[in-house]
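Numbering (the working numbering), first residue to last: 6 to 267.
The next block holds one structure in the form of structure tokens; read it before the comments.
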């Protein structure tokens, strides 16, 4: 048994689902999480005929020590590699991410304007006290999470999550660096964008969603506030609504004209 991983028995490896259309959605999980976090959303999108690629970010689903050894560029490069593999195979590629995965999606969107659209779920552009992570990592390698205990159970209406029970502090500092890089690049983004943010989020500063909305250059953009959701909106009580709105957004960008056999 790995004491560091919550819901260790679940499959958190990378996966690919081949759909029936010319549309691919790249789904990026969050910090310390695994692909378990994005699989329910992936299956909802796959049911619409879309192909799905869900990479496992370096340092995740292994050990907290492994994650502490990674740089933010390791995470972004892993997703760039996925994009390059599929960019010649699919006519329409959307990029989506949860929390830190949202930051990575923003970074790629600022570099590759050929994406068809951008979907963000609780993007971690602002986290209180993260600026102190550079100092904290000198004294502590890990900090146990307050919002994840020893209980691997799932609350009614919610879906399971798999990932580390601790925040590796050197990796947290890399997350902070990624925040700063992305913040400077927001004005370069001119893609259709939808942002989902839970009003009960205590993991990140929820005002970051509006900040992103205001800073990106996109004219086609929307903020969806979820009244009864916390941080992981794609697993919590309103996840079905988030899925429906995600499908609606993708179809809108496609002009409702993509043939499932295209």
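Quick reminder that beta carbons are idealized off the backbone N, C-alpha and C, glycines included.
Problem set entry | Validate contact between the segment 168-185 and the segment 217-227 using beta carbons, cut 8 Å, 3 pairs | With a cut-off of 8 Å, the segment 217-227 and the segment 168-185 do not count as touching, because too few Cβ pairs lie within range.
For this session: Could I get the ranges of all uninterrupted beta strand (DSSP E) runs contained in the segment 203-236, with 3 residues as the minimum, in chain order?
Result: Within the segment 203-236, the complete beta strand (DSSP E) runs of at least 3 residues are 226-231.
Exercise. What is the residue span of the beta strand (DSSP E) that residue 13 lies within?
Worked result: For residue 13, there is no enclosing beta strand (DSSP E), as DSSP marks it with neither H nor E.
Problem set entry | Span of the beta strand (DSSP E), counted from its first residue to its last, around residue 59 | 56-59 is the span of the beta strand (DSSP E), which, as asked, contains residue 59.
Problem set entry | Close beta carbons around residue 165, own chain, < 7 Å, minus the five adjacent residues each side | Taken in chain order, the residues that qualify are 12, 15, 41, 159.
For this session: Give, in chain order, every unbroken run of the alpha helix (DSSP H) that is at least 4 residues long and sits entirely within the segment 52-140.
Result: Listed in chain order, the complete alpha helix (DSSP H) runs (minimum 4 residues) inside the segment 52-140 are 69-73, 77-91, 105-116.
For this session: Let me know if residue 66 comes out buried or exposed under the rule of 16 or more other beta-carbons within 10 Å of its beta-carbon.
Result: So residue 66 ends up on the buried side.
For this session: Have a look at residue 153 and residue 37 and give me their C-alpha separation to the nearest angstrom.
Result: Only weak support is given to the placement of residue 153: the predicted model assigns it a pLDDT of 45, under 50, and the value that follows is read from those uncertain coordinates. Cα-Cα distance, rounded: 12 Å.
Exercise. Assuming residue 197 contacts residue 123 under a Cβ cut-off of 8 Å, what Cβ separation, rounded to an integer in Å, is found between them?
Worked result: The C-beta separation of residue 197 from residue 123 comes to about 7 Å, placing the pair in contact by the 8 Å criterion.
Exercise. What did DSSP end up calling residue 248 once you bin it into helix, strand or coil?
Worked result: Here DSSP, grouped into helix, strand and coil, assigns residue 248 to helix.
Problem set entry | Contact between the segment 184-195 and the segment 222-231 (3+ Cβ pairs under 8 Å) | The segment 184-195 makes contact with the segment 222-231: 3 or more CB pairs, one atom from each, lie closer than 8 Å.
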